[in-house]
Every structure is written in C-alpha cells, then in structure tokens.
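Chains R and C, in that order, are what the protein sequence lines are.
Be aware that the first sequence starts at 1234, since it is given in our numbering, and climbs by one per residue.
Be aware that the second sequence starts at 1234, since it is given in our numbering, and climbs by one per residue.
Protein chains: 2
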Amino acid sequence: MQDKYFDQSKLNTVKRLPKRGAYDKASIYGVLDDHFLCHISWEDAGQPFMIPTAFGRVEDKLYIHGSSKSRMLSMLTDGRPLCLVVTHLDGLVLARSVFHHSMNYRSAVIYGHAQKVEGDEKMEALRVITEQIIPGRWEEARLPNAIEMKATMVLAIEINTASAKIRTGPPSDDAPDYDLPIWAGIVPVRKGYDVPMHDPAMKTNLPIAQSALEIVKKYQ
Amino acid sequence: MQDKYFDQSKLNTVKRLPKRGAYDKASIYGVLDDHFLCHISWEDAGQPFMIPTAFGRVEDKLYIHGSSKSRMLSMLTDGRPLCLVVTHLDGLVLARSVFHHSMNYRSAVIYGHAQKVEGDEKMEALRVITEQIIPGRWEEARLPNAIEMKATMVLAIEINTASAKIRTGPPSDDAPDYDLPIWAGIVPVRKGYDVPMHDPAMKTNLPIAQSALEIVKKYQ
C-alpha cells in the first residue's frame, strides 16, 4: 500500500505563507492531473537548465518524453536530482493595496530523479502522456511503429518529495484599506479550448475527432 | 545602442528542431511581453530549485519580486546562474500518427543572474511588474508604503543569453499517413479572462475597475 502523504522534509516544506502548503497526495495529484504541461529543471556543472514539456502520471510516477537525440533529456538519464513544477493560474486577485495583490493559483513542486524507460512500459508511458493531454486520442491515431519508438526517449520520474501550494478566494487587505473607494475582486482566468480547426491538408471530409470535441466540451 | 540579437552560444542554441529557434530580441521579447508568469530555476549544493512567479520587463532587464524573508529569492541575490522560462501554450496539434502529435507554443528561455534592487528603481520595478500583469492597475490601487516596501524584495535579472522556440500551424504527418481516415487538426487553447467577480467584503457598491474591464476586453 502506498502512503497517503509525502514525507515532509526541509526540501519540500512551504516556508512562505505555510497555510497555503499541502503535502497529501490527493492535493498534489489533483494539481498534477488537471494539467499536462510541466517545467523541469536540473543542473549541469553549476548551470541550471529548464524545459517546458508534457507529462503523464500513473500512481507515484510521472512520465515525460522527447527525442532520443535530445541532449537535454540525456542529461537526466544519469538520475541526477531534478525539480518539476506544474502551475495553474486561476485568477488575478485585485486588492485595494498594490501590496496585497496576488494570484489564485495551484502549483505542485516535485523533487525527484529520472530513469530511462524501455520495452512495454515505454509504449504504455506514451499512452499515458497522450491520454493526459487529450483523453481518447490514443485510440484514434496511428500508433507508434518500431522506428518511431526508437526515435523517442521516455523517462520515468520517481517522486522523492513533493508539495502543493494553493491560493483561492477573494483578496485580503489590511483592515483600514477596506474603507478606500477602490474596487477589489477577482479576474478569473478563462480555461479550456476553442472550436477545433481542420488540418487544411485533409484529403477527405472527416468529422472532427471525438477526442477533440470532448475536450472542448469538458471546459464549456 | 542595444544589439538586436542575443549572442548565439552553446548555451542558448536550440538543438532539437532548430528551425523553431529564434535569437532576435523582437521574437524573444514578443514571447515575454505577452505573459507575466515565468518559472525560474537555480541550483544550490547540487539541488535544483524552481518557483513560478510574476515578472515584468524593461529593455534587457526582467524584474521579479517576493517577500524579503523568502529563502528562495535570497539564494539568487549572490548572482548565481539562473534559468528563466516563459511558456505559452497555444494549441494541441492532432496529427494522424501519435508520433507527430505536437503542441503549438511559444517559449523563451533566459540564462542570466539576479541582483537586488533598492531605492527608486525598486518602486519602479514593482510598477513594471504590476503593469505587466494588468495594465492600469497601478494607478487605481493604494501604492506601497515604507513598511510594505521593506517587506518586499525585488530582483533585477540581467539577461546573459536567450532564445525563443515557436511552433505554429497545422500538423505535419509522414506522406503515407495522409491517406488514413483519421481526423487531424488543431484544438486552440482559449485565452483571456472571464467576467470579474466583486470582493464580497466591499463596503460600497463600486463599479468594476477599469483595468479589470480592459484586460477582459483585450482577449475577447
């Protein structure tokens, strides 16, 4: 059985505004599963590197992929420490004072390390990543062949520690500022997708894929 | 006079899909100026760290801010190398083959270092960050007082090298796959903001701030 919490260590303890911090897997996986874009950083000879990339999650494992020739991903295959962050921006928080302006957001910070994935798990990892981006698409598209699998590198990220930081709700101003004639509130960030666009190179008049229709509907 | 291009070095050269890479300041600043959220990473004793945070740009300088007590930001004040990435997700690119699935995106990668900002530049930097998030808000809100300025740390990031990576347009499949009866196209990511929500703690019935109305209108 898996633990429900990540161990709280010096590394993953939210120091600023600790009431916004969460260490339970439900909160952290909630932030991860509602997205598919992460930023990953690591260092090489004292130089930090970072890439934005898609990911997929299964249990305590995150999968990422890229080209077999990627010098970036190759650096991670030796298991060096990495930091992975997923950030949702939910709203601009407009307070009466500039100082108390903020954002509503949900972010998860993962500390871990990666290792190369091969064989059956590699194909399954690609399915997981694809399904995290757009559920149902894996069943619609032509699956990877041997040459494409060889050209693709897949890494599994084992989570060592993790934390989530979440802010929700209206602004919080200093008491005297509530008397100021300044509007305060939230400007919510719009989520979701617009109407799918056909590839102009389509040879026949196919209806828009079910996966595309459903992901648009999901956020309507 | 400033150069129009960042020097292309080993550090900022886009190796994967080099046709997507750009090194001119117009492209890179275009990516930066269309956003206010970045991810910044650095390392400390071999451990990579990363935070999502707001930024503002003036010329070749980026400003970020946080609490004076932030152990995260404090690490950067010694000028160690940092990596800052801004990523826009513009669309899901659905190809006929799983392999050629992609995303339309614009990202900028900045390599640089930070230093603490004080005095008049500190207040100006806060104005720049606020205006990058929501233009016009600085003039509407109560400006920071001395205590608030003391509680705030501002860092200026000098750009050493930078690059942008941009993908636009429809999917690109292998020639034989165009005959497959699989729908292909783009699912555009919706941008912008929803209708502003009043702070329930407002004491009087003020109209929604002009800055909030205008940022909603900008993306409509």
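All C-beta atoms, glycine included, are put in the ideal place defined by N, C-alpha and C.
Looking only at C-alpha atoms, which of the options sits nearest to residue i?
i, options, result
"residue 1315(R)", "1400(C), 1352(C), 1330(C), 1276(C)", "1276(C)"
"residue 1390(R)", "1240(R), 1404(R), 1311(R)", "1311(R)"
"residue 1426(C)", "1429(R), 1420(R), 1425(R), 1427(R)", "1420(R)"
"residue 1261(R)", "1292(R), 1351(R), 1362(R), 1278(R)", "1292(R)"
"residue 1368(R)", "1432(C), 1343(C), 1353(C), 1331(C)", "1331(C)"
"residue 1432(R)", "1325(C), 1430(C), 1449(C), 1290(C)", "1325(C)"
"residue 1392(R)", "1252(R), 1278(R), 1296(R), 1435(R)", "1296(R)"
"residue 1236(C)", "1252(C), 1429(C), 1259(C)", "1259(C)"
"residue 1445(R)", "1429(R), 1435(R), 1439(R), 1434(R)", "1429(R)"
"residue 1271(C)", "1286(C), 1349(C), 1343(C), 1263(C)", "1286(C)"
"residue 1343(R)", "1263(R), 1280(R), 1397(R), 1283(R)", "1397(R)"
"residue 1383(C)", "1341(C), 1349(C), 1406(C), 1288(C)", "1349(C)"
"residue 1299(R)", "1301(C), 1336(C), 1341(C), 1450(C)", "1336(C)"
"residue 1317(C)", "1451(C), 1435(C), 1264(C)", "1264(C)"
"residue 1266(R)", "1354(R), 1386(R), 1341(R)", "1341(R)"
"residue 1439(C)", "1413(R), 1357(R), 1378(R), 1306(R)", "1413(R)"
Report all residues from its chain with a CB closer than 6 Å to the CB of residue i; omit the five preceding and five following residues, and keep chain order.
i, result
"residue 1239(R)", "1256, 1394, 1395"
"residue 1442(C)", "1373"
"residue 1294(C)", "1389"
"residue 1289(C)", "1296, 1361, 1362, 1365"
"residue 1280(R)", "none"
"residue 1355(R)", "1387"
"residue 1358(R)", "1296, 1350, 1387"
"residue 1424(C)", "1452"
Quick one: is residue i buried, meaning 16 or more other Cβ sit within 10 Å of its Cβ, or exposed?
i, result
"residue 1453(R)", "exposed"
"residue 1242(C)", "exposed"
"residue 1245(C)", "buried"
"residue 1304(C)", "exposed"
"residue 1437(C)", "exposed"
"residue 1250(C)", "exposed"
"residue 1401(C)", "exposed"
"residue 1178(C)", "With chain C covering only 1234 through 1453, there is no way to say anything about residue 1178(C)."
"residue 1409(C)", "exposed"
"residue 1302(R)", "exposed"
"residue 1450(C)", "exposed"
"residue 1434(R)", "exposed"
"residue 1278(R)", "exposed"
Determine the chain C residues that contact residue i at a beta-carbon separation under 7 Å, and present them in chain order.
i, result
"residue 1366(R)", "1325"
"residue 1375(R)", "1329, 1330, 1331, 1410, 1413, 1415"
"residue 1340(R)", "1285"
"residue 1432(R)", "1403, 1404, 1417, 1418"
Apart from the five residues just before and just after residue i, which ones in its own chain have a Cβ nearer than 7 Å to its Cβ?
i, result
"residue 1268(C)", "1319, 1321"
"residue 1313(C)", "1275, 1346"
"residue 1309(R)", "1275, 1315, 1347, 1388"
"residue 1371(R)", "1360, 1363, 1364"
"residue 1353(R)", "none"
Would you mind reading off the limits of the alpha helix (DSSP H) that contains residue i?
i, result
"residue 1360(C)", "1352-1366"
"residue 1443(R)", "1443-1451"
"residue 1306(R)", "1304-1309"
"residue 1259(R)", "1258-1266"
Please list the terminal residues of the continuous beta strand (DSSP E) segment that includes residue i.
i, result
"residue 1294(C)", "1294-1300"
"residue 1287(C)", "1280-1287"
"residue 1336(C)", "1335-1349"
"residue 1274(C)", "1270-1277"
"residue 1396(R)", "1385-1400"
"residue 1419(C)", "1418-1421"
"residue 1323(R)", "1315-1327"
So residue i contacts chain R; which residues on that side make the cut at Cβ distance below 7 Å?
i, result
"residue 1401(C)", "Those do not exist, as residue 1401(C) stays about 12 Å from chain R at its closest Cβ, beyond 7 Å."
"residue 1274(C)", "1274, 1281, 1283, 1316"
"residue 1427(C)", "1421, 1423"
"residue 1442(C)", "1327, 1416"
What residues from chain D crowd round residue i, counting only those whose CB sits closer than 7 Å?
i, result
"residue 1448(C)", "The structure shown contains no chain D; the protein chains it does contain are R and C."
Only counting the same chain, and skipping five residues up and downstream in sequence, which positions put a Cβ closer than 8 Å to that of residue i?
i, result
"residue 1327(R)", "1334, 1404, 1416, 1417, 1418, 1419, 1420"
"residue 1447(R)", "1368, 1369"
"residue 1253(C)", "1247, 1398, 1399, 1400"
"residue 1406(C)", "1328, 1329, 1330, 1333, 1417"
Output, in chain order, the set of chain R residues within a Cβ distance shorter than 8 Å of residue i.
i, result
"residue 1353(C)", "Result: empty, since nearest Cβ-Cβ is about 16 Å, beyond 8 Å."
"residue 1252(C)", "Near residue 1252(C) there are no residues of chain R at all, since even the closest Cβ is about 14 Å away, more than 8 Å."
"residue 1391(C)", "In chain order: nothing, as chain R lies at least about 15 Å away."
Report the neighbours of residue i on chain C: residues whose CB is nearer than 8 Å to its CB, in chain order.
i, result
"residue 1357(R)", "In chain order: nothing, as chain C lies at least about 13 Å away."
"residue 1473(R)", "Residue numbering for chain R in the displayed model covers 1234 to 1453; residue 1473(R) lies beyond these limits and cannot be assessed."
Run down chain C in chain order and give the residues with a C-beta less than 9 Å from the C-beta of residue i.
i, result
"residue 1363(R)", "1331, 1334"
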